[in-house]
Every structure is written in structure tokens, then in C-alpha cells.
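**Q** In the working numbering, the protein residues as written are -14 to 65.
Below is a structure I'd like to ask you about.
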């Protein structure tokens, strides 16, 4: 049984079209992401949502997000 609040795409596995308005900071981040990865706008947004979902689940289970520089220096990432 599915919850009414679940998006249709989650229940059926089908894709779904959205119309969203991005704030200027999100537009800049999207442009940088597309430049670095060569992804299309839709692919960059799709992957971003998937990565954010994964990170949110991991943090919800008590894990931390860490970045390690080439020299081994570690930095904790705070996502709010």
C-alpha cells in the first residue's frame, strides 16, 4: 500500500515532468555543475536530487559526510 503523499513516480517507476523555479544561487550551482560534468540540465538536476536523497538518508541514519584532500586532510561537510 502506498501513501497518498508519495509522488506518482515513486510508486510506479515512471518519470514525471516538473516545472520549478530555481533561486539565483541554485542556477549558478547548476551552471557550474553542467560545466564541470558536461551533463544536460535535466541530467544534472536528476543526479543532484538522487545524490541529495542518498546523503539525506545517510545523515538521517547517523553518518557524517567527509571530504578528504589529496594530502589526507579531512573536512566534515554540513548540509542543512
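Just so you know, even glycine gets a beta-carbon here, dropped at the ideal spot from N, CA and C.
Less than 7 Å between the beta carbons of residue 29 and residue 15, yes or no?
**A** Here residue 29 refers to the residue found at position 44 when the chain shown is read from its first residue. Here residue 15 refers to the residue found at position 30 when the chain shown is read from its first residue. Contact: yes.
**Q** Would you give the residue range spanned by the alpha helix (DSSP H) that residue 42 belongs to?
**A** Counted from its first residue, the chain shown places residue 42 at position 57. That run of the alpha helix (DSSP H) goes 26 to 45.
**Q** Please find out if some non-hydrogen atom of the ligand SAH comes closer than 6 Å to the beta-carbon of residue 38.
**A** As presented, the structure is devoid of all ligands, the ligand SAH included, so that no description of it is given.
**Q** Go ahead and pull the three-state DSSP assignment for residue 52.
**A** Stepping through the chain shown from its first residue, residue 52 is reached at position 67. Strand, per DSSP.
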